[in-house]
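With the working numbering, the residue at position 213 of the sequence shown is 218, and numbering never jumps. One structure is given here, and the rest of the page talks about it.
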Amino acid sequence: DAGTLSYTAYAGLVPNDPYGGYVYGLTQFGVYLNTYGGRMEGGDLRWNTPLQGLLAGASYMDQDIHGSGVNEPGNFPEREQSRANEISQFYVQYVHGGLRVDGEYRRQWRDELVFAPPPAPPAVQWDARSFYGAISYRFSKRLELGTYYSRFYADWGQSHSAPGNHIFDKVVAARLDLTSHWDLKVEGHFMNGDAAADALRGFYPQNNPQGFKPTTNLLVIRTGFEF
C-alpha cells in the first residue's frame, strides 16, 4: 500500500483591494496605487502516506499582478507589473491520538517591473522565505494546548539578522471547546523583528514614526462559533 493521493487545482482573479497591506505599505514611499490585481492559478498535491496519520504535500501558486497609481511628490504616474510572482509550499502533518505535529516551508519569489520616475528602480526582486514547526495535544474533549515557532525572512538575500528583514515568532496557545459549536482560543506571541521592509506583515513605519522596538509581545483572545 503506497497510500493515497489527492489534488486541487484552481484559477481566478485577484480582486482590486485598495486597503490591502501591500498597497498601504507602499504609501510610506509616497506611492499611491489606485488599482492592484490580476490573475492567479495554482494547485495542491497531498499524499496520505502508508504510515497512519502522516500527511505530506506541496502547493504552488502563480500570479500576474498589475498596479497603477501616482508617485508623490509631483503626482507622476506609477505603474508596476509582474515578471514573476510565485509561491511554493511544502508541508507535513502527523496526527496520532490527541497529538498533532505540523511543519511547513514556504517561498515567494517576486520580480516586479516598475514604471516610475527616478530614483525608483526599474525592477524590484524579493525572495521571501518562511518556515514553522508546531505541536499540540488535546488533553480532553474541552482542552487543547500547543506551541509553534516560525521564522519569516522578507528577502533571503539580505541580512538575516536585520530586524527589518525578519520576524521570528514564538507562540503558546490554549483552545477551549466550551460547547460543540463554540470555542475560545488564547495565544501569547513573543516576536523578534518587524520585517517592515516587506510592507506586508502588519508593521508599518507610517503608523510608527517613533520607530520599532526589537521585540513585540502580543496577547490574542479569539472566540468562534460553528454551525
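Positions of the beta carbon are idealized from the N, C-alpha and C atoms, including for glycine.
Identity of the residues DSSP links to Glu-83 by a beta bridge | As a working note, residue 83 is residue 78 in the sequence shown. DSSP lists Gly-74 as partners of Glu-83.
For the segment 131-145 and the segment 153-171, state whether three or more C-beta atom pairs, one from each stretch, are separated by less than 8 Å.
-> yes
When DSSP builds the beta bridges, which residues end up paired with Gln-98?
-> The residue you call residue 98 lines up with position 93 of the sequence shown. Answer by DSSP bridge pairing, in chain order: Leu-60, Asp-107.
Under a three-way DSSP split, which group does Ala-200 fall into?
-> The residue labelled residue 200 in the question sits at position 195 within the sequence shown. Coil.
Going straight from the alpha carbon of Pro-122 to that of Glu-85, what length do you get?
-> Taking the sequence shown and counting its residues from 1, one reaches residue 122 at position 117. Taking the sequence shown and counting its residues from 1, one reaches residue 85 at position 80. Approximately 12 Å between the Cα atoms of the pair.
Thinking just about the alpha-carbon of each residue, which of Phe-230, Ile-226, Thr-9 is nearest to the one in Asn-53?
-> As a position in the sequence shown, residue 53 is number 48, starting the count at 1. That would be Thr-9, whose Cα lies nearest to the Cα of Asn-53.
Is DSSP giving Asn-213 helix, strand or coil here?
-> Along the sequence shown, read from residue 1 onward, the residue named residue 213 stands at position 208. Looking at Asn-213 - three-state DSSP - the assignment turns out to be coil, as it is neither helix nor strand.
Would you report the Cα separation of Arg-105 and Pro-214, rounded to the nearest angstrom?
-> On the sequence shown, residue 105 is found 100 positions in, with the first residue counted as 1. On the sequence shown, residue 214 is found 209 positions in, with the first residue counted as 1. Taking the straight line joining both Cα atoms gives about 41 Å.
Which class does Arg-18 belong to by DSSP, given the choice of helix, strand or coil?
-> The count along the sequence shown starts at 1 and reaches residue 18 at position 13. According to the sequence as given, residue 18 is Leu; it is not Arg. Strand, per DSSP.
Would you please state the rounded distance, in angstroms, between the beta carbons of Tyr-41 and Tyr-29? I believe it to be under 8 Å.
-> By one-based count along the sequence shown, residue 41 stands at place 36. By one-based count along the sequence shown, residue 29 stands at place 24. The pair is not a contact, with the Cβ atoms about 11 Å apart (cut-off 8 Å).
For the segment 219-231 and the segment 181-200, state whether three or more C-beta atom pairs, one from each stretch, are separated by less than 8 Å.
-> yes
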